[in-house]
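Trainee: Quick note: the sequence shown uses my numbering, first residue 45, plus one each step.
Ideal Cβ positions, reconstructed from N, Cα and C, are used throughout, including at glycine.
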Amino acid sequence: MKPTNNRWMIPIIIFLSLVLLGLVGFLFLLNVNVYTVQVMLSGDPVVTVEYGDSFRDPGASAVYFGTIFQQEPLDVPVTAEGIVDVSKIGDYVVHYYAEYEGVSGSETRTVRVVDTVAPEIALLGEETVTLPVGEEFQDPGCAASDNYNGELSDSVTVTGELDPAAPGTYILTYQVADESGNTAQVTRSVIYVDVTAPVITLLGDTEMELDNGSSYEEPGFTAVDDCDGDITQQVTLEGAVNTDEAGTYTLTYTVADAAGNSTTVVRTVTVKDMVPPELTLYGDSVVRLVIGNAYSDPGYSALDNCDGDLTGQVEVVSEVNMYLPGTYTVTYSVTDASGNTATASRTVVMEDIQARVSGGVIYLTYDDGPSSYTSRLLEILDRYGVKATFFVVNTGYASVMTEVANAGHAIGIHSTTHDFYEIYASEEAYFNDLYRMQNIIASYTGLSPVLIRFPGGSSNTISYFNPGIMSRLSKLVEEKGFRYFDWNVDSRDAGGVTHGWAEVAYNVIRGVSNRSSSVVLMHDSHGTCLKATERIIQWGLANGYTFAVLNFNSPGAHHGINN
Ligand code: ZN
Numbered sequence: 045m046k047p048t049n050n051r052w053m054i055p056i057i058i059f060l061s062l063v064l065l066g067l068v069g070f071l072f073l074l075n076v077n078v079y080t081v082q083v084m085l086s087g088d089p090v091v092t093v094e095y096g097d098s099f100r101d102p103g104a105s106a107v108y109f110g111t112i113f114q115q116e117p118l119d120v121p122v123t124a125e126g127i128v129d130v131s132k133i134g135d136y137v138v139h140y141y142a143e144y145e146g147v148s149g150s151e152t153r154t155v156r157v158v159d160t161v162a163p164e165i166a167l168l169g170e171e172t173v174t175l176p177v178g179e180e181f182q183d184p185g186c187a188a189s190d191n192y193n194g195e196l197s198d199s200v201t202v203t204g205e206l207d208p209a210a211p212g213t214y215i216l217t218y219q220v221a222d223e224s225g226n227t228a229q230v231t232r233s234v235i236y237v238d239v240t241a242p243v244i245t246l247l248g249d250t251e252m253e254l255d256n257g258s259s260y261e262e263p264g265f266t267a268v269d270d271c272d273g274d275i276t277q278q279v280t281l282e283g284a285v286n287t288d289e290a291g292t293y294t295l296t297y298t299v300a301d302a303a304g305n306s307t308t309v310v311r312t313v314t315v316k317d318m319v320p321p322e323l324t325l326y327g328d329s330v331v332r333l334v335i336g337n338a339y340s341d342p343g344y345s346a347l348d349n350c351d352g353d354l355t356g357q358v359e360v361v362s363e364v365n366m367y368l369p370g371t372y373t374v375t376y377s378v379t380d381a382s383g384n385t386a387t388a389s390r391t392v393v394m395e396d397i398q399a400r401v402s403g404g405v406i407y408l409t410y411d412d413g414p415s416s417y418t419s420r421l422l423e424i425l426d427r428y429g430v431k432a433t434f435f436v437v438n439t440g441y442a443s444v445m446t447e448v449a450n451a452g453h454a455i456g457i458h459s460t461t462h463d464f465y466e467i468y469a470s471e472e473a474y475f476n477d478l479y480r481m482q483n484i485i486a487s488y489t490g491l492s493p494v495l496i497r498f499p500g501g502s503s504n505t506i507s508y509f510n511p512g513i514m515s516r517l518s519k520l521v522e523e524k525g526f527r528y529f530d531w532n533v534d535s536r537d538a539g540g541v542t543h544g545w546a547e548v549a550y551n552v553i554r555g556v557s558n559r560s561s562s563v564v565l566m567h568d569s570h571g572t573c574l575k576a577t578e579r580i581i582q583w584g585l586a587n588g589y590t591f592a593v594l595n596f597n598s599p600g601a602h603h604g605i606n607n
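This is the structure:
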């Protein structure tokens, strides 16, 4: 090692030490001094903005400073970052940032976009709805919308209870909330009113009839209201029935429900005589008679509790035919002033005539035909195998004489003209008429009859205009080979008196019933001959009679001659 100048060594070392010390101090200060960038918000760190409003950032400022050096703050620029969407509620953060000389600082602000506006809600339909009790309420609903959430009608909630059965006012509350919890509500009044009147039900008949003098007992009633229930006790009854006096009485039943709906019903009670007259028949209830005897009523009386003697008003309906056997009913009826009818009946048995002879012969003779009835008469005779004698006239039915003859009946001559004044004018006139008819018969039947019957019979008095003519003719006809027949039983079916067929038959039956030989005068120019003949035959056969035709040797049944 080389020697060194030690004399410089010490100051250099001191100097170097001082430098080193200063350097260390400087470095120490450098390390102790802290620089800061501080960002400071203008306004509140949390800012609320109404939805839809605009957001104006109040901004921020920043300073740069050190703890030892640069203690005087230095403004530095601030940048802000962050998006605030005022069209959407929510919390947004805005970042503020500043940097200087490598030192930075930041701050944040919360921007709260909120909706504080309540939804709008409006009733559809009427605010007050009035309904009759029992009717279902059809809610027209509400319309609701929100500035933020838009259409909210479907979110409306309804609260409130309805009792359609009970009259009263009910409130329905419609409420809606947006998603921010803002609510709105409206109310509707539903008023149930009782508009239905009560119902009165009458027990018993609404139209009653009572007998005079009886007593009226109210059958009762019920009243029911749809809202008030059984209100029978509130029914008022007006009117009264006087059962001692005939007439129609009205009873009025009235009731009203709590809502004032009123109902009235009426019952009519008619007081009248309801007892029919007492109808009494005198004599037997069954009267037996033989035909030909007129039925005479044995009598009756009618007495009514109110109207007194009504015998004169009794209606008697008799079906009795005194000429026809049978069982008949005679009915009696009488009606009092109140319409009560009493009836009674009596039986009348008409018994047939019984024959008083046995084995009698009946000659049925028919004059003045043929007629429109003759063919039917032939059918009846044929049905029973009975033959008869026809004393014919020149009617418009001459051809029927052929049927008569062919059926085996006897034909005799009555007259061509049957004109009393012509034929009884002289003997010559009579025989002209007689032969003329004989020829007509011959032309239709091939027969020339010699059996004759004088028009009017040999006993006639109509020929008085020619005195003695019948005395002369009755001898002359026999001398000329004719045989004349009168009758001993007259059916009385001619002569201008109208008789029913049953009477005609009766006349014959009565006449033949006590004769062993009967020449019966009938007329087939009258319709009564049909049924009468059938009954006569039935009676005769049942009573042992035989029917025969007249011949030349038959009994003439001659009358006494009056002229
Ligand atoms: Zn005659």
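Check whether the Cβ atoms of I406 and G584 sit closer than 7 Å, and answer yes or no.
Mentor: Cβ atoms of I406 and G584: closer than 7 Å.
Trainee: Please go through the region 414 to 490 and give each complete alpha helix (DSSP H) segment of 4 or more residues, from N-terminal end onward.
Mentor: Runs found: 418 to 427, 444 to 450, 464 to 467 and 471 to 489.
Trainee: If you measure from the CB of D537, is any heavy atom of the ligand ZN nearer than 6 Å?
Mentor: Not so, every heavy atom of the ligand ZN lies at least 6 Å from the Cβ.
Trainee: What would DSSP say about D198, mapped onto helix, strand or coil?
Mentor: Three-state result, D198: helix.
Trainee: Helix or strand or just coil, what does DSSP make of E94?
Mentor: The answer is strand: DSSP assigns E94 an E or B state.
Trainee: Buried or exposed, going by whether 16 or more other CB atoms sit within 10 Å of the CB of P55?
Mentor: With fewer than 16 Cβ atoms within 10 Å of its Cβ, P55 is classed as exposed.
Trainee: Under 7 Å between the Cβ atoms of V234 and V173?
Mentor: Contact: yes.
Trainee: Check for me: the beta strand (DSSP E) holding C186 runs from which residue to which?
Mentor: Run containing C186: C186 to D190, per the beta strand (DSSP E) assignment.
Trainee: With C-beta atoms as the reference, is V533 less than 7 Å away from V556?
Mentor: The answer is yes: Cβ separation under 7 Å.
Trainee: Mapping the DSSP letters down to three states, classify M45 as helix, strand or coil.
Mentor: Unreliable positioning characterises M45 in this predicted model, as indicated by a pLDDT of 46, which lies under 50. The coordinate reading is nonetheless provided below. In this structure, M45 counts as coil in the three-state DSSP scheme.
Trainee: Just to confirm, does P499 get its C-beta within under 6 Å of one of the non-hydrogen atoms of the ligand ZN?
Mentor: Yes, since a heavy atom of the ligand ZN falls inside the 6 Å radius drawn around the Cβ of P499.
Trainee: With respect to the alpha helix (DSSP H) encompassing E547, which residues constitute its N-terminal and C-terminal limits?
Mentor: That run of the alpha helix (DSSP H) goes W545 to V556.
Trainee: Just the Cα atoms here: how many angstroms apart are D222 and I133?
Mentor: Approximately 12 Å, taken between the alpha carbons.
Trainee: Of the residues N77, F591 and I215, which one's Cα is nearest the Cα of G429?
Mentor: Checked all of N77, F591 and I215; the closest Cα to G429 is F591.
Trainee: On the CB-based measure, 16 or more other CB atoms within 10 Å of its CB, does V202 come out buried or exposed?
Mentor: Label assigned to V202: exposed.
Trainee: Given a cut-off of 7 Å on the beta-carbon distance, is the pair V437 and S459 in contact?
Mentor: Going by C-beta atoms, V437 is nearer than 7 Å to S459.
Trainee: Should P499 be labelled buried (16 or more other beta-carbon atoms within 10 Å of its own) or exposed?
Mentor: Counting Cβ neighbours within 10 Å, P499 comes out buried, since at least 16 surround it.
Trainee: Using 7 Å as the threshold, is the C-beta distance between E171 and R232 below it?
Mentor: In this structure, R232 lies closer than 7 Å to E171 by Cβ.
Trainee: Any beta carbon from chain D within less than 7 Å of I485's own beta carbon?
Mentor: Note that chain D does not occur in the displayed structure, where there is just one protein chain.
Trainee: In the DSSP output, what is L495 paired with across the bridge?
Mentor: Bridge partners of L495: R527.
Trainee: Starting from the C-beta of A338, find all residues in its chain whose C-beta is less than 7 Å away, skip the five residues before and the five after it, and write them out in chain order.
Mentor: Excluding positions up to five away in sequence, the list reads M366.
Trainee: Given this structure, state the Cα-to-Cα distance separating S562 from L325, to the nearest angstrom.
Mentor: Whole-angstrom Cα-Cα distance: 43 Å.
Trainee: Can the beta-carbon of T13 be found less than 7 Å from the beta-carbon of T287?
Mentor: Because the chain in this structure spans residues 45 to 607, residue 13 falls outside the shown range and cannot be described.
Trainee: If you measure from the CB of D328, is any heavy atom of the ligand ZN nearer than 6 Å?
Mentor: Checking the Cβ of D328 against the ligand ZN gives no.
Trainee: Is the distance from the Cβ of V464 to the Cβ of I397 below 7 Å?
Mentor: According to the sequence as given, residue 464 is Phe; it is not Val. Against a cut-off of 7 Å, the Cβ pair of I397 and F464 comes out as no contact.
Trainee: Considering only C-alpha positions, which residue in the set E395, I457 and L246 is nearest to R332?
Mentor: Considering only alpha carbons, the answer is E395.
Trainee: Thinking C-alpha only, which one of V130, I112 and Y140 is nearest V122?
Mentor: V122 has its Cα closest to that of Y140, out of V130, I112 and Y140.
Trainee: Considering only residues of the same chain and omitting the five flanking positions on each side of A574, which have a CB-CB separation below 8 Å?
Mentor: Here the sequence assigns Leu to residue 574, which means Ala is not the residue at that position. Excluding positions up to five away in sequence, the list reads Y417, R420, L421, I424 and W545.
Trainee: Would you identify the three-state DSSP class for E578, choosing helix, strand or coil?
Mentor: In the structure shown, E578 sits in a helix (DSSP, three-state: H, G or I).
Trainee: DSSP state of Y367, grouped into three classes?
Mentor: Y367: coil per DSSP, three-state reduction.
Trainee: Report whether the distance from the Cβ of D411 to the nearest heavy atom of the ligand ZN is below 6 Å.
Mentor: Indeed, a heavy atom of the ligand ZN lies less than 6 Å from the Cβ.
Trainee: Between D537 and H567, which are expected to be in contact by the criterion C-beta below 8 Å, what is the C-beta distance as a whole number of angstroms?
Mentor: That belief holds up - the Cβ atoms of D537 and H567 are roughly 5 Å apart, short of 8 Å.
Trainee: Determine the closest residue to G440 out of S569, N476, I553 and E179, with distance taken between C-alpha atoms.
Mentor: It is S569 whose Cα lies nearest to the Cα of G440.
Trainee: Beta carbon of Y218, beta carbon of C186: below 7 Å?
Mentor: It is a contact, given that the beta carbons lie within the stated cut-off.
Trainee: Whose C-alpha, out of V128, P321, Y344 and D207, is nearest the C-alpha of E94?
Mentor: Among V128, P321, Y344 and D207, the Cα nearest to that of E94 belongs to V128.
Trainee: If you reduce the DSSP assignment to three classes, tell me which class T590 lands in.
Mentor: In the structure shown, T590 sits in a strand (DSSP, three-state: E or B).
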